[in-house]
Amino acid sequence: MPSSTRKKVFISFDFDNDKLLKDSFIGQCKLEQSPFEVMDYSLKEASKEKEWEEKARKKIEQADLVIVMLGAATHKSPGVLKEIAIAKELKKKVIQLIGHKDGAYQRIKGAGHLYHWKWEILKKILD
2 MPSSTRKKVF ISFDFDNDKL LKDSFIGQCK LEQSPFEVMD YSLKEASKEK
52 EWEEKARKKI EQADLVIVML GAATHKSPGV LKEIAIAKEL KKKVIQLIGH
102 KDGAYQRIKG AGHLYHWKWE ILKKILD
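The opening residue of the sequence shown carries number 2 in our numbering; numbering runs sequentially from there.
This is the structure:
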């Protein structure tokens, strides 16, 4: 799929615990058949919260979709919760992907539908 027709996705994830999930997802996005491109992803919260929020807001504004990668502690991650709040304020579609097939995760209330991380599902969502 040409990159000009791919949806732009912002990846929200627990920076301290789920970097591997994000890296795996980005690796899949580089495949030619990927229906989306990751335009950016969660930022490590900086010491100045206002600056961090402004950077996150700008990145989320440019996205067609926000995908929350669910790991064991994602539901408690202040950065993820803030990114979801920003996305909702900007009226961006937010979905949650189960990051580990057999791992523990907790759905985040108000963060969109919960899906299994499968190509067929992602392609339907992004059509």
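Even for Gly, the Cβ is constructed at its ideal location relative to N, Cα and C. Computed from a predicted model, the values in this text were never measured in an experiment.
Residue j beta carbon less than 8 Å from that of residue i
i	j	result
G113	Q97	yes
K8	F37	yes
E62	K83	no
L66	K93	yes
M70	K125	no
Beta-carbon proximity list for residue i, same chain, < 7 Å, skipping 5 on both sides
i	result
S48	At S48, the pLDDT of 48 sits below 50, so the modelled position is not reliable; the number obtained from the coordinates is stated separately. Answer for S48: no residue qualifies.
A132	One cannot answer for residue 132 here, as it falls past the ends of the chain, which runs 2 to 128.
Span separating the alpha-carbon of residue i from that of residue j
i	j	result
S109	G100	The sequence as given places Ile at residue 109; Ser does not occur at that position. Spanning the two alpha carbons is a distance of roughly 13 Å.
T75	Y116	15 Å
Y106	K20	15 Å
K56	F14	16 Å
S78	L91	20 Å
K60	I87	10 Å
L118	R58	Position check: residue 118 holds Trp in this sequence, whereas Leu was assumed. Between W118 and R58, the C-alpha separation is close to 25 Å.
K31	T6	14 Å
Residue i at chain C interface by Cβ criterion, 8 Å
i	result
L22	Considering every chain present, this structure includes no chain C. It has just one protein chain.
Residue i - DSSP class collapsed to helix/strand/coil
i	result
Q29	helix
K77	helix
I109	coil
K119	coil
L82	helix
L22	helix
S48	Low local confidence applies: a pLDDT of 48 at S48 is under 50, so the model's placement there is unreliable, with the coordinate-based value given in what follows. S48: coil per DSSP, three-state reduction.
Contact set for residue i: own chain, Cβ-Cβ below 6 Å, skip 5 residues either direction
i	result
N18	G72 and A74
Contacts around residue i, its chain only, beta-carbon distance under 8 Å, and the 5 residues preceding and following it disregarded
i	result
G111	I85 and K89
G28	none
D103	none
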